[in-house]
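*Asks:*
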Amino acid sequence: MNKGSRHKARRAAVQALYQWHLTQQPPGDIEDHFILDHEMNGIDVEYFHHLVREIPRHIHELDDHISPHLDRKLNDVDPVELACLRIGTYEFEFHPEIPYKVILNESVELAKTFGAEHGHKYVNAILDKVAAGLRANEIKAAHSTA
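Numbering follows the working numbering, in which position 85 of the sequence shown is assigned residue number 85; successive positions increment by one, without gaps.
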C-alpha cells in the first residue's frame with residue numbers, strides 16, 4: 001500500500017461519513033453504494049471500509065473528545081468539517097502507528113478539499129486540542145527533540 005492510497009481512502013471516507021451523517025443509513029449500505037458509484041482505483045479500500053465501519057461504532061467516544069473544544073454545539077458544526085474531525089480523532093485514538101502530524105495534516109487537507117472556505121482552520125484548531133489530550137506523550141517527545 002502506498003501513501004496516496006490511504007489518503008484517497010480518507011477522501012472517500014469523508015464523503016461516505018458525510019452521507020451517513022445526513023441520511024443515518026446503515027454504514028454498510030453507504031459503503032456498498034459508494035463503491036458502486038465511485039471509481040475506487042488507487043484507494044486503500046480496506047482502510048476505507050475500516051474508517052466507515054469503525055467511526056460510527058465509536059461515534060459517542062469520538063464526539064466526547066471533540067465536543068469540549070468546540071465553540072458551538074456539535075450539531076451546529078458543518079457536516080463535512082465534522083467528518084474530518086471524526087476521522088482525525090479516530091486515527092489519534094486508534095492508530096498510534098500514524099504520527100499525529102500526519103493525521104493533523106491529512107484532516108486539514110480533507111477540510112480544504114471538501115469543507116467551507118475557512119473550515120480547514122477550524123478543523124486544525126480543534127484537532128490540535130484533541131491531539132494534546134490523546135497524543136500528549138508523542139507531542140511532548142516531538143517538541144523536546146525539536
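A virtual CB, placed ideally from N, CA and C, is assigned to each residue, including glycine. Source: prediction; values computed, not measured.
1. With three or more beta-carbon pairs closer than 8 Å as the criterion, would you say the region 75 to 85 touches the region 116 to 130?
2. Taking 8 Å as the threshold, find out whether the region 105 to 113 comes into contact with the region 38 to 53 through three or more Cβ pairs.
3. Measure the alpha-carbon distance for residue 150 versus residue 133 and round it to whole angstroms.
4. What does the alpha-carbon distance come out to for the pair residue 126 and residue 102?
5. Between the Cα of residue 35 and the Cα atoms of 25, 86, 12 and 57, which residue gives the shortest distance?
6. Scan the region 102 to 134 and note each continuous beta strand (DSSP E) run of 3 residues or more that stays entirely inside, going in chain order.
7. Quick one: Cα of residue 24 to Cα of residue 95, how far?
8. Taking the beta carbon of residue 120 as the centre, do at least 16 other beta carbons fall within 10 Å, making it buried, or is it exposed?
9. Which one of 48, 88 and 47 has the shortest CA to CA distance from residue 65?
*Replies:* By the coordinates alone:
1. yes
2. no
3. The displayed coordinates of the chain run from 1 to 146. Any statement about residue 150 would go beyond what the structure contains.
4. 15 Å
5. 12
6. none
7. 25 Å
8. buried
9. 88
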